[in-house]
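A short worksheet on the structure shown next.
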Amino acid sequence: MDRKERICRLREYMESAKIDICIIPTADYHQSEYVGEHFKLREYLTGFTGSAGTAVFAKTEAGLWTDGRYFLQASRQLEGSGIELYRMGEPRVPSVEEFLRERLPDRGVLGVDGRTIGVNTGCIYEEIAKEKGGVLLYDIDIASSVWKEQPALSQKSVFSLPLKYTGKSTAQKLEQIRNVMKENKTDVHVLTSLDDIGWILNLRGQDVEYFPLFLSYMIIRLDTAELYAEERKFSEEIKRELKENKITILPYSRIYEQIKKLQKDTVLLDKDRVNYTLYRKLPGQSKIVWKENPEIMMKCVKNPTEVENIKRAHLKDGIAHTKFMYWLKKNAGAKELTELEASKKLEALRAEQEGFLWPSFAPICAYGKHGAIVHYSANEETNAQILEGGLLLTDTGGNYLEGSTDITRTVAIGEVSQEEKNHFTLVAAGMLRLSAVRFLYGCSGANLDYAAREPFWRESLNFNHGTGHGVGYLGNIHEPPIGFRWKCGKSDMHPLEENMVITDEPGIYIEGSYGIRLENELLVRAGEKNEYGQFMYFETLTFVPIDLDAINPEKLEEREKELLNVYHAEVYRNIAPYLSEEERSWLKEYTRSI
Numbered sequence: 001m002d003r004k005e006r007i008c009r010l011r012e013y014m015e016s017a018k019i020d021i022c023i024i025p026t027a028d029y030h031q032s033e034y035v036g037e038h039f040k041l042r043e044y045l046t047g048f049t050g051s052a053g054t055a056v057f058a059k060t061e062a063g064l065w066t067d068g069r070y071f072l073q074a075s076r077q078l079e080g081s082g083i084e085l086y087r088m089g090e091p092r093v094p095s096v097e098e099f100l101r102e103r104l105p106d107r108g109v110l111g112v113d114g115r116t117i118g119v120n121t122g123c124i125y126e127e128i129a130k131e132k133g134g135v136l137l138y139d140i141d142i143a144s145s146v147w148k149e150q151p152a153l154s155q156k157s158v159f160s161l162p163l164k165y166t167g168k169s170t171a172q173k174l175e176q177i178r179n180v181m182k183e184n185k186t187d188v189h190v191l192t193s194l195d196d197i198g199w200i201l202n203l204r205g206q207d208v209e210y211f212p213l214f215l216s217y218m219i220i221r222l223d224t225a226e227l228y229a230e231e232r233k234f235s236e237e238i239k240r241e242l243k244e245n246k247i248t249i250l251p252y253s254r255i256y257e258q259i260k261k262l263q264k265d266t267v268l269l270d271k272d273r274v275n276y277t278l279y280r281k282l283p284g285q286s287k288i289v290w291k292e293n294p295e296i297m298m299k300c301v302k303n304p305t306e307v308e309n310i311k312r313a314h315l316k317d318g319i320a321h322t323k324f325m326y327w328l329k330k331n332a333g334a335k336e337l338t339e340l341e342a343s344k345k346l347e348a349l350r351a352e353q354e355g356f357l358w359p360s361f362a363p364i365c366a367y368g369k370h371g372a373i374v375h376y377s378a379n380e381e382t383n384a385q386i387l388e389g390g391l392l393l394t395d396t397g398g399n400y401l402e403g404s405t406d407i408t409r410t411v412a413i414g415e416v417s418q419e420e421k422n423h424f425t426l427v428a429a430g431m432l433r434l435s436a437v438r439f440l441y442g443c444s445g446a447n448l449d450y451a452a453r454e455p456f457w458r459e460s461l462n463f464n465h466g467t468g469h470g471v472g473y474l475g476n477i478h479e480p481p482i483g484f485r486w487k488c489g490k491s492d493m494h495p496l497e498e499n500m501v502i503t504d505e506p507g508i509y510i511e512g513s514y515g516i517r518l519e520n521e522l523l524v525r526a527g528e529k530n531e532y533g534q535f536m537y538f539e540t541l542t543f544v545p546i547d548l549d550a551i552n553p554e555k556l557e558e559r560e561k562e563l564l565n566v567y568h569a570e571v572y573r574n575i576a577p578y579l580s581e582e583e584r585s586w587l588k589e590y591t592r593s594i
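Going by full-length UniProt numbering, the sequence shown opens with residue 1, and the numbers climb by one from there.
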């Protein structure tokens, strides 16, 4: 069945359900960034494969909203579909909400599967419908009605992370959470966020693409807890551990019936991390305390065990990626090599490292003009040959038992143009400057983002994405509540705390020609404390060379040269002992002082 037939089937469903406008987000029932195959309805209908976007279908028109990472990809994949691309954040581009207000007829019906949207979004849609004298139809399963070939829910096994990796037991974490519940005078805490649940239970799974999470809900009470998940996924040993912590396993979908029983309870809920249907099924008598999930900060600030493990994961990743860069320099251009082959080689080198599980997100391996597509994903149709005279951008990561990694490197294949070198040098300068900042405690990513962008803005250039995001410990690779971004959202205003992990990834993208991005992960550290306050700094976790073949030293200030040289000395010291003699000789050349 082709795309037009799928959209036609959706509109037939809309007509039978008397829906005027249907909203299809990119989401599972847990607001996950990546989703399992069962939840890819938006991709099935539109053909757009990016990880973020909302499709809206009216009776005679349709639109897809996505952000700057995906503008080029979406415009290509939507071609011929009749679906208009709405570039979020661009001038004169209406938001989804503005579109709905304009297009929804009087007494119209908005339709959305309420399990796939958060409380805040659901309340906005409900208000829009009320403004028109209409209704929001949310207790519906659109996918099962229009997607006859929908894959089944994942039934993959759950696995346990021992204390040597987590640093804290489930009992300790539950005690922390219950203390917060008591402080807020609540007796029930409802969770749908998979990374929070996995963190609490020291369990991981394989139900979400790339992220090591398992489909579940959780209700935590002051003395017991309920885990809503398919019991067949758990070994007898894990079930015993759950029982020891007074946690009962109940069927995954039963949460929607159980939630109705919280008649006289005071419930701790996070508007950003509970789906709308679950919220609407709470009985009217229950009292809600709206508060950010306490697990968010607990897991974002890594404990000492996690910090040491994360450093080990990055050492392994640095070894694999440095070997990959050496391999690229020796092979690309000298023989036929494609984006997909390069991507497979990098994953194979990671797989040689003990404790490697699988990639931590969809790998980006983009040669030449593909590098300008911020979240490009190579496939058999687009798979470009890597030739001399161009840049290869790889944005990849690995899930290890010791943690997850995220690294971007852009490598010159043979000799590249002076413009490419100048832009590469600009990106390197921005990344190095941000990694070297010193700041007072209380600063957020919004305060510090300028350090990376200043070299760009000085030359009237910019990049259309955030400069960094928090990173989870074998959880979500994009972990709230922190980030680097000059257009501030709530997360970018959160103070940076010691032992948080955040990425540093400026870039530049020349449409139709090339893209350049460099990314290291940083650990937030506490420095000197004096009469002016607590000073903070970053410790770099990522150790892989920055390609000197693409650097124009004349474009670097003396301080930036010093930062590059110091970084490269650390790369050599950390990585060289794990390389062959030939690789080590190569690394010495590529980490030389300039």
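Built from N, CA and C at the ideal position, the CB exists for glycine as well. On a predicted model such as this, the values are computed, not experimentally measured, just so you know.
In this structure, DSSP gives ILE373 a state outside helix and strand, which the three-state scheme calls coil. If you draw a 10 Å sphere on the C-beta of GLN31, you find 16 or more other C-beta atoms in it, and that means buried. Of all C-beta pairs linking the segment 524-541 to the segment 416-431, fewer than three are shorter than 8 Å, placing the two stretches out of contact. Under the three-state reduction of DSSP output, GLY47 falls in the coil class, being neither helix nor strand. For ILE7, the secondary structure class from DSSP, reduced to helix, strand or coil, is helix. Cβ-Cβ separation between SER377 and GLY472: approximately 22 Å, too far for a contact (criterion under 8 Å). Contact between the segment 562-575 and the segment 522-536 is absent, with fewer than three C-beta pairs closer than 8 Å. Taking a C-beta distance under 8 Å as the contact criterion, SER360 and ASP406 qualify as a contact pair. About 7 Å separates the beta carbon of TYR70 from that of ALA52, a gap short enough to meet the 8 Å contact definition.
Taking the Cα positions, ASP195 is about 6 Å away from ASN476. With at least 16 other beta carbons inside 10 angstroms of its own, LYS302 counts as buried.
Taken through DSSP and simplified to helix, strand or coil, TYR86 comes out as strand. Note that the segment 62-79 does not touch the segment 241-257; fewer than 3 beta-carbon pairs, one per stretch, sit closer than 8 Å.
For ASP547, the closest C-alpha among the options HIS494, VAL374, GLU558 and LEU393 is that of LEU393. The beta carbons of LEU215 and ALA229 sit about 7 Å from each other, so the pair counts as a contact at 8 Å. Distance from the CA atom of VAL274 to the CA atom of ASN520, rounded to whole angstroms, is 32 Å. Relative to VAL289, the option among THR266, LEU556 and LEU315 whose CA is nearest is THR266. Between the segment 436-456 and the segment 280-296, the count of Cβ pairs shorter than 8 Å is below three; the stretches do not touch. The three-state secondary structure of GLY122, taken from DSSP, is helix. GLU209 has its alpha-carbon roughly 14 Å from the corresponding atom of HIS478.
Here the alpha carbon of ASN530 sits roughly 36 Å from the alpha carbon of LEU474.
Contact between the segment 160-169 and the segment 139-149 is not established, with fewer than three Cβ pairs separated by less than 8 Å.
Taken atom to atom, the span from the alpha-carbon of HIS189 to that of ASN383 is near 47 Å. Excluding residues up to 5 positions away in sequence, TYR367, GLY368, GLY371, THR410, VAL411, ALA412, ILE413, VAL416, GLU420, PHE424, TYR514, GLY515, ILE516 and ALA550 lie with their Cβ nearer than 8 Å to the Cβ of LEU391 in the same chain. Within its own chain, the residues whose Cβ lies closer than 7 Å to the Cβ of GLY397, once the five positions on either side in sequence are excluded, are PRO359, SER360, PHE361, SER404, THR405, ASP406, ILE407 and ILE477, listed in chain order. Between the alpha carbons of LYS132 and GLU61 lies a gap of roughly 19 Å. C-alpha of PHE439 to C-alpha of PHE535: approximately 6 Å in a straight line.
Closest in alpha carbon position to GLU90, among GLU388, LYS487, LYS555 and LEU587, is LYS487. Burial is judged here by how many other beta carbons sit within 10 angstroms of a residue's own beta carbon; TYR532 has fewer than 16 and is exposed. Between GLN206 and SER154, the CB-CB gap stays under 8 Å.
Note on geometry: alpha-carbon atoms of PRO545 and LYS311 lie some 17 Å from one another. Straight-line spacing of the CA atoms in VAL180 and THR26 works out to 32 Å. Pairing THR305 with PHE543, the inter-Cα distance amounts to about 20 Å. The beta carbon of ALA225 sits closer than 6 Å to those of ILE247, all from its chain and outside the five residues before and after it, given in chain order. Around GLN385, the same chain offers THR338 as residues with beta carbons nearer than 6 Å, after the five sequence neighbours per side are excluded. Of the other Cβ atoms in all chains shown, 16 or more fall within 10 Å of the Cβ of PRO481; this residue is therefore buried.
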